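Here the structure comes first, spelled out in structure tokens, and everything after it is commentary.
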Amino acid sequence: MSASSSVPGPLASRLPDPQQLVPELGEVGGALFKAVGNGSVPRTTVGLVQLRAGQLVGSAYLTVLHTGNLREAGEPEERIAAVSSWRDAPYFTGAERAALALVEAVLTPNPHGERVPDALYAEASGHYDDRALATLSAAIGQVGFFVPLALIGRPRPGVSPAEQWRPAG
53 MSASSSVPGP LASRLPDPQQ LVPELGEVGG ALFKAVGNGS VPRTTVGLVQ
103 LRAGQLVGSA YLTVLHTGNL REAGEPEERI AAVSSWRDAP YFTGAERAAL
153 ALVEAVLTPN PHGERVPDAL YAEASGHYDD RALATLSAAI GQVGFFVPLA
203 LIGRPRPGVS PAEQWRPAG
């Protein structure tokens, strides 16, 4: 077994810096960040959606990352903590609820039909115009793009990419 394929301890990332391995990831990530940041959806809503996505896929790294981003943006702890139980939490607007319902629908199988039924689309389109709905879709795609790297590579939660993959020595 080569050194790069050995299994590290539980506190180490399993992959070295993905951007060093595949430099194009930086370009794709930057383009996604720019697209999602076009201003049609509040950054807070994007952060809530991406936190919920991290929770749904079971990634401690993504959950901690998006929790930290929301804290840095000044989000109250009650709202951050309530994302996992948003349906019965009093902290979210109708538009935020629609966005959270969309991310759950996209990332959770529906054994009874479409993942995003017409009723959910109608609810979301009552809060967002077409550009904002496309941006929300891109926000879900943005976090989705990084899910495999987070689950396969298992970067350390709470450690910035710069610290995560700092060259040894």
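Residue numbers for the sequence shown follow my numbering, so the first one is 53 and each next one is one higher.
Ideal placement from N, C-alpha and C gives every residue a C-beta, glycine not left out.
Since we're looking at a predicted model, the values are computed, not measured.
query: Coil, strand or helix - ALA141 by DSSP; result: coil
query: Range covered by the alpha helix (DSSP H) that runs through HIS164; result: It is not in any alpha helix (DSSP H) - HIS164 carries neither H nor E in the DSSP assignment.
query: C-beta atoms of GLN71 and GLY78 nearer than 7 Å; result: yes
query: Closest Cα partner of ALA190 within the set VAL98, HIS118, PRO75; result: VAL98
query: 8 Å Cβ shell around ARG95 - same chain, five flanking residues per side excluded; result: GLY89, ALA125
query: Candidates GLN102, GLU148, GLN107, SER111: closest to LEU201 by CA position; result: SER111
query: With 16 other Cβ atoms within 10 Å as the buried cut-off, status of ALA151; result: buried
query: Three or more C-beta pairs below 8 Å linking the stretch 172-184 and the stretch 123-140; result: no
query: Through-space distance from ARG149 to ALA134, alpha-carbon basis; result: 12 Å
query: N-terminal and C-terminal residue of the alpha helix (DSSP H) that PRO200 is part of; result: 182-205
query: Cβ-Cβ distance between HIS118 and LEU108 below 7 Å; result: no
query: LEU185 versus ASP140 - alpha carbon distance; result: 24 Å
query: Nearest-angstrom beta carbon gap, VAL80 and PHE197 [assumed within contact, 8 Å]; result: 7 Å
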